[in-house]
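Under the numbering used here, the first residue of the sequence shown carries the number 11, and numbering increases by one thereafter.
We treat Cβ as the ideally placed atom computed from N, Cα and C, and that holds for glycine.
Below is one structure, written out as structure tokens; comments come after it.
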Amino acid sequence: MKWLAKAAFGLEGQVSRDLKRLGFEGVTPAETGGVFFDGSPAQAYEANLWMRCADRIMLVMGQEKVTTFDDLFEMTRALPWSDVIPRDGAFPVQAHCARSQLMSPSDCQAIVKKAVAEHMKSRYRVAWCEESGQSYPIDVAIHGDMATISLNTSGDALNKRGYRTWNGEAPLRETLAAALLLGCGWRPSLPLYDPCCGTGTLLIEGAFIAADRAPGLTRSFACDNWPLFPERARTALRAQARERYEKGFERPMRVMGSDIDAGALELCRRHLRQAGLSGRVTVEQKDLRDVTLALPQGVFIANPPYGERLGDRRSAAAVERGLGQLYLRHPGWSLSAISSDPAFERNAGLRADRRRRFYNGRLECELLSFAPRPSHHT
Ligand SMILES: C[S@@+](CC[C@H](N)C(=O)[O-])C[C@H]1O[C@@H](n2cnc3c(N)ncnc32)[C@H](O)[C@@H]1O
């Protein structure tokens with residue numbers, strides 16, 4: 011079966027690497043933001059549990075060129091809906107169109123809804139679809155006249171891990187935070203320190219990676235009760251993920267952080283509690299200019315304020331200068347910071363060894379990485 015791991019712009023590379031590591035075949039980039047892969051329903055369930063950087067796992071029902079509503083109707087009606095959706099299943103439809111002849115998402119939604127209903131009525135020999143049962147959300151993406159029709163097996167986006175209750179001022183999406191951690195050269199054997207930890211997203215995602223905790227371990231998915239996904243396989247995959255976490259939780263981990271703002275830290279502590287990580291991740295209230303660590307090596311990671319608003323530029327520049335000094339005070343430590351500020355390097359007084367482009371929401375950002383400087387031993 012063909013699946014699509016939807017992902018935000020810039021995260022597709024990491025999603026492809028993660029899919030290959032999970033052993034999937036046919037891993038190919040999709041034009042519409044994501045990565046296709048082949049596998050069984052049980053494997054797709056595993057992807058829901060384990061993918062750290064994907065937004066949703068979709069079951070691809072069909073892909074075809076469409077230029078008229080008739081094309082869309084015929085394509086949709088011919089797809090094997092009744093193989094997946096039971097007689098009483100509900101099937102809400104969502105459509106998006108871009109650079110295509112069919113431009114109206116609401117009309118496309120109505121056409122697809124009607125075509126699926128036609129299919130279901132004829133297969134189940136009923137006069138109407140009750141839609142009183144479980145939900146099977148249908149997604150229609152038409153890009154440059156190519157329609158991809160799929161079922162959303164995840165339900166809520168996968169960045170919703172279940173530990174965040176209140177968002178704070180400028181939180182990082184969990185999927186982006188995980189991608190930054192996986193791409194910055196950190197590995198769990200190294201200490202990790204976030205000097206602008208805010209509500210704690212980078213620290214929590216880092217601790218999850220260090221403890222081998224499946225990001226979806228404590229949440230549910232839309233497909234949890236779909237007959238297509240065998241219950242035994244689902245139960246076994248969840249049990250295996252719990253076992254891996256129990257073992258991983260015992261491993262030594264050094265994940266730490268600080269923030270100048272007491273309110274942000276309160277949220278951070280709440281999120282740590284909700285993620286089951288109290289006591290495993292240490293945070294304290296501190297200006298980053300006062301951070302001094304005695305450990306000989308490690309990784310600083312930061313999502314500092316970007317100074318997007320005019321009045322905030324000076325304080326953002328001061329934080330960037332502080333990050334530069336923090337890095338220089340700690341030979342043996344690398345620094346990776348994500349920012350949309352083109353003056354970051356100038357303000358920090360450093361030149362990045364590596365830069366990668368990401369979007370934080372709509373903001374184009376760079377992850378700037380500064381390699382560890384050798385420590386001088388006497
Ligand atoms: C963009 S937010 C970080 C959001 C965080 N990644 C999250 O997921 O919640 C930037 C953080 O930098 C902190 N900050 C600003 N100036 C600071 C300073 N001088 N020292 C330490 N933290 C500072 C702010 O309090 C804020 O929490």
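- A residue is listed when its beta-carbon falls short of 6 Å from at least one non-hydrogen atom of ligand 1; in chain order these are Gly178, Ala180, Pro181, Leu182, Pro205, Cys206, Gly208, Thr209, Thr211, Leu212, Asp269, Ile270, Asp271, Ala274, Asp297, Leu298, Asn313, Pro314, Pro315, Val329, Gly332.
- DSSP places asparagine 169 outside both helix and strand once states are collapsed to three, so it counts as coil.
- Excluding its 5 nearest sequence neighbours in each direction, glycine 342 has C-beta neighbours in its own chain below 6 Å: Pro306, Gln307, Pro382, Ser385, listed in chain order.
- Of the residues Gln24, Gly371, Val76, the one whose Cα lies closest to the Cα of cysteine 194 is Gln24.
- Contact check between the region 131-139 and the region 36-50: fewer than three CB pairs, one atom from each, fall below 8 Å, which does not count as touching.
- Annotation for histidine 129: the continuous alpha helix (DSSP H) segment containing it runs 115-134.
- Residue pairing from DSSP places alanine 312 in a beta bridge opposite Ala347.
- Rounded to whole angstroms, the gap between the alpha carbons of glutamate 355 and phenylalanine 34 is 39 Å.
- Under the three-state reduction of DSSP, isoleucine 270 is assigned to coil, being neither helix nor strand.
- At least 8 Å separates the beta-carbon of threonine 211 from that of aspartate 65.
- A residue is called buried when at least 16 other Cβ atoms come within 10 angstroms of its Cβ; threonine 209 meets this threshold and is buried.
- In the three-state reduction of the DSSP assignment, proline 198 falls in the coil class, being assigned neither a helical nor a strand state.
- Of the candidates Asp98, Glu330, Asp149, the residue whose Cα lies closest to the Cα of isoleucine 311 is Glu330.
- Across the structure, lysine 12 and glycine 49 are spaced so that their CA atoms are roughly 7 Å apart.
- Ile152 is the residue among Tyr146, Leu213, Ile152, Asp322 whose C-alpha sits nearest the C-alpha of threonine 78.
- Going by beta carbons, glycine 334 and leucine 298 fall outside the 8 Å limit.
- Cβ neighbours of glycine 332 within its own chain (closer than 6 Å, five residues either side excluded): Leu298, Arg299.
- Assigned with DSSP and collapsed to three states, tyrosine 146 falls in coil, not helix or strand.
- Proximity to aspartate 28 across Ala57, Ala40, Gln104, Phe19 peaks at Ala57, based on C-alpha coordinates.
- Between the alpha carbons of glutamate 260 and glycine 216 lies a distance of about 15 Å.
- Judged by pairs of C-beta atoms under 8 Å, the region 113-125 does not touch the region 161-174, as fewer than three such pairs exist.
- Three or more Cβ pairs drawn from the region 138-145 and the region 84-100 lie within less than 8 Å of each other, which places the two stretches in contact.
- DSSP, reduced to helix, strand and coil, places serine 379 within a strand of the structure shown.
- By alpha-carbon distance to alanine 327, the top candidate from Ser344, Ser350, Leu338 is Ser350.
- Shown here, tryptophan 13 sits in a strand according to DSSP, grouped into three states.
- DSSP, read as helix, strand or coil, puts lysine 75 in strand.
- If you draw a straight line from the Cα of arginine 223 to the Cα of methionine 263, it comes to about 13 Å.
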